[in-house]
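At position 8 of the sequence shown the residue is numbered 420 (our numbering), and the sequence of numbers has no breaks.
Reviewing the structure listed below.
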Amino acid sequence: MHLYDIEVSAMDGKPVKLSEFAGKVLLIVNTATHCGFTPQYDELEKLYRRYKDKGLEILDFPCNQFKEQAPGTIEEINQFCTLNFGTTFKRFAKLEVNGEHEHPLYTFLKSKKGFAGFNPLHASSARLNERMRASDPEYEKDSSIKWNFTKFLIDRSGEVVERFEPTTFMTEVEEKVKALL
């Protein structure tokens with residue numbers, strides 16, 4: 413299977429083939445509107461505006477799996493992001509990133525890049541590690557998505573290049589994006 417074989421749902425529920433993004437550098441993100449990492453929308457929008465003309469697309473997939481931090485309809489989520497962060501990158505229908513009902517996109521992404529740990533320099537890492545360890549002492553050993561705002565970087569040929577946990581500083585994400593453009 414290849415990334416471009418996967419189909420996702422647009423905000424209106426219509427199917428979108430990821431092959432529509434062939435030749436672009438993609439940053440695929442699972443997001444939430446009521447999360448401590450929600451301000452990353454601002455950084456993502458700045459990144460998008462800086463590099464969209466060079467071939468970057470950001471694909472936003474709201475997900476309500478982590479403490480129900482993406483409540484509301486997709487229309488409400490879209491309105492929140494547009495009004496509060498001025499987002500203009502592509503947003504898709506809500507989906508699940510882990511478990512029995514996880515979307516095939518995330519099954520694919522996780523099979524290519526597993527969890528490599530939270531950035532110990534980030535202020536939220538200790539709290540996330542503690543939270544994860546409390547629910548699963550061996551959480552570091554599987555490739556599941558651990559929290560909102562996990563990002564996957566895809567090159568122009570559709571290969572998964574990098575996985576960034578939500579504690580990865582956006583300066584590092586930007587460096588990797590620039591290298592692919």
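Where a beta carbon is used, it is the ideal one built from N, C-alpha and C, also for glycine.
Keep in mind the model is a prediction, meaning the values are calculated, not measured.
- Take Thr499, set aside five residues on each side of it, and the residues of its chain with a beta-carbon closer than 7 Å to its own are Tyr453, Glu457 and Cys493, in chain order.
- Collapsing the DSSP output to three states places Phe527 in coil.
- In terms of Cα proximity to Pro451, the closest of Leu495, Glu487 and Gly570 is Leu495.
- In the displayed model, Lys426 falls within coil according to three-state DSSP, outside both helix and strand.
- Here the alpha carbon of Leu507 sits roughly 22 Å from the alpha carbon of Tyr551.
- When secondary structure is reduced to three states using DSSP, Leu592 falls in the helix class.
- Each of Val573, Ile470, Gly484 and Ile557 was checked against the Cα of Leu438, and the nearest Cα belongs to Ile470.
- For Ile440, the uninterrupted beta strand (DSSP E) segment begins and ends at Val437 to Thr443.
- Three or more beta-carbon pairs drawn from the stretch 519-537 and the stretch 566-583 are found closer than 8 Å, and the two stretches are therefore classed as touching.
- Non-local C-beta neighbours of Ala422 in its own chain, meaning closer than 8 Å and more than five positions away in sequence, comprise Val428, Phe504 and Ala505, ordered along the chain.
- Judged by DSSP secondary structure, Lys458 falls within the alpha helix (DSSP H) whose first and last residues are Gln452 to Tyr463.
- Put simply, the backbone Cα of Glu419 is about 15 Å away from that of His513.
- Contact annotation, Ile440 with Ile566: C-beta distance approximately 7 Å; criterion of less than 8 Å satisfied.
- If you ignore the 5 residues before and after Val585, its C-beta comes within less than 6 Å of the C-beta of Phe576, all in its own chain and listed in chain order.
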